[in-house]
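Taking it in order: structure first as structure tokens, then the write-up.
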């Protein structure tokens, strides 16, 4: 698994309301659920 801070956001997938806070707290992996990135 490659570590990267670039999540490759597309037009169909959006950030969750908590995305920025979870990145600040060190989240490194995300899943896509309901067209949204979830930590």
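In the working numbering, the protein residues as written are 7 to 45.
Ideal Cβ placement from N, Cα and C applies to all residues, glycine included.
A quick note: this is a predicted structure, and the numbers were derived from the prediction, not measured.
Through-space distance from residue j to residue i, alpha-carbon basis
i          : j          : result
residue 42 : residue 23 : 9 Å
residue 31 : residue 45 : 11 Å
residue 18 : residue 28 : 21 Å
residue 36 : residue 26 : 12 Å
residue 34 : residue 20 : 17 Å
Status (buried if at least 16 other CB within 10 Å, exposed otherwise) for residue i
i         : result
residue 7 : Note that residue 7 has pLDDT 46, beneath the 50 cutoff, so the model's placement of it is unreliable and no number is given.
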